[in-house]
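In full-length UniProt numbering, the protein residues as written are 1 to 73.
Glycine included, each C-beta is placed from N, C-alpha and C at the ideal position.
Since this is a predicted model, take the numbers as computed values, not measurements.
First comes the structure, then the notes that go with it.
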Amino acid sequence: MATLKTIAPATWTIAPEQTNNTSLNLWSKFNTFADSQKANHTLWFFIVLMVHGVFFLPLPAVLMFYFNAPVGV
1 MATLKTIAPA
11 TWTIAPEQTN
21 NTSLNLWSKF
31 NTFADSQKAN
41 HTLWFFIVLM
51 VHGVFFLPLP
61 AVLMFYFNAP
71 VGV
């Protein structure tokens with residue numbers, strides 16, 4: 001009885017991949033940095049959370065005070 005062979009010998013070769021990184025060099029550097037910071041993703045989350053709370057949330061109140069905006073309470 002003939003059986004099917006599940007492991008076929010590989011008869012092809014993989015050509016080396018040629019990439020052109022001249023136009024995306026900055027993006028590649030950012031991706032490399034982001035991949036290297038995978039272990040620190042909780043730290044980066046808290047940094048972003050603190051920046052958001054300290055700078056972006058008080059910004060409307062500061063602008064209203066600076067430009068004497070009428071605030072109806």
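Boundaries cannot be given for W12, as no alpha helix (DSSP H) includes it and DSSP labels it neither H nor E.
Non-local beta-carbon contacts of W44 in its own chain, meaning distances under 8 Å to residues more than five positions away in sequence, involve Q37 in chain order.
With contacts defined as CB atoms closer than 8 Å, V54 and M64 fail to qualify as a contacting pair. For W27 and D35, the gap between their C-alpha atoms comes out near 12 Å.
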